[in-house]
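The working numbering applies: residue 1 is where the sequence shown begins, and numbers increase by one.
Beta carbons are placed, not taken as given, at the ideal position from N, Cα and C, and that holds for glycine.
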Amino acid sequence: MVARQLEMSRINAFPNARGTRSIVATLPDALVGFQPTRTNKTPSATARINALINFLYKQTTGSELDASPTVVRIHRLQFRGLTRDVRLQMKKEGANATEWSGLSPEEQVYYSLQLEGVIAEYGFPIYKCNKRWAANLLLQECMKGERQTKKRRMVIIIILPAFLTSINNLYICILESCCCC
């Protein structure tokens with residue numbers, strides 16, 4: 001536990017060690033087709049991540065052309081896979097909060113920096129995002145997905161025994177009404 005705290009302190013001391021942060025949280029591409037409402041002021045997480053991937057794709061290739069939707073989708077899915085890997089690391093290290101806001105600010109910074117490093121190794125410098133918004137968003141969405149999956153599984157666990165009982169009763173009823181027995 002102490003070693004983890006020391007590692008967290010060491011990494012958190014220099015959050016901008018990889019370079020300056022200049023990518024804004026809502027890129028112009030994310031706003032295409034988005035209509036803000038009274039309650040919804042920002043585009044969806046997927047739209048924002050897609051715009052980021054497209055922006056970084058243009059930067060890394062030096063092209064003015066947008067990445068194809070298939071390329072963007074492949075990279076987004078890879079980002080999500082890498083995010084799940086960091087989430088598993090979080091669980092192994094004892095960060096068992098079910099919501100991103102349930103983690104301490106130090107843990108949020110530490111794990112978002114970890115994810116930025118992993119995705120940078122993949123070839124996309126999301127560490128250039130202001131206030132680590134991309135890493136925070138990916139981790140937040142990952143934890144949200146876990147909660148939703150858990151709720152769906154709980155519904156199945158509750159409904160399944162009742163369903164099996166009703167099927168069993170129907171089977172017994174059919175056997176009793178059959179005249180060939």
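{"Item": "May I ask which residues mark the beginning and end of the alpha helix (DSSP H) holding P28?", "Value": "Looking at the DSSP string, P28 is not in any alpha helix (DSSP H), and its letter there is neither H nor E."}
{"Item": "Going by beta carbon distance, what residues of the same chain come within less than 6 Å of L56, once the five residues before and after it are set aside?", "Value": "F124"}
{"Item": "Considering T61, what are the terminal residues of the alpha helix (DSSP H) in which it resides?", "Value": "45-61"}
{"Item": "May I ask you to verify whether the region 137-151 touches the region 84-101, counting CB pairs closer than 8 Å and requiring at least 3?", "Value": "yes"}
{"Item": "Go through its chain and collect everything with a Cβ distance to E99's Cβ below 7 Å, but skip five positions before and after it.", "Value": "M143"}
{"Item": "For N96, count neighbouring C-beta atoms within 10 Å of its own C-beta (all shown protein chains included) and say buried if the count is 16 or more, exposed if not.", "Value": "exposed"}
{"Item": "Going by the beta-carbon positions, is the gap between N16 and V109 smaller than 8 Å?", "Value": "no"}
{"Item": "Looking only at its chain, what residues have a beta carbon closer than 6 Å to the beta carbon of C181, apart from the 5 residues adjacent to it on each side?", "Value": "The pLDDT assigned to C181 is 47, lower than 50, so where the model puts this residue is not dependable; a value taken from the coordinates is nonetheless given after this. Within the same chain, C181 has no close Cβ partners at all."}
{"Item": "Quick check on the burial criterion: 16 or more other C-beta atoms within 10 angstroms. Buried or exposed for E116?", "Value": "buried"}
{"Item": "Span of the alpha helix (DSSP H) holding Y127?", "Value": "That residue, Y127, is in no alpha helix (DSSP H); it is neither H nor E in DSSP."}
{"Item": "Give me the Cα-Cα distance between V72 and L27, rounded to the nearest whole angstrom.", "Value": "15 Å"}
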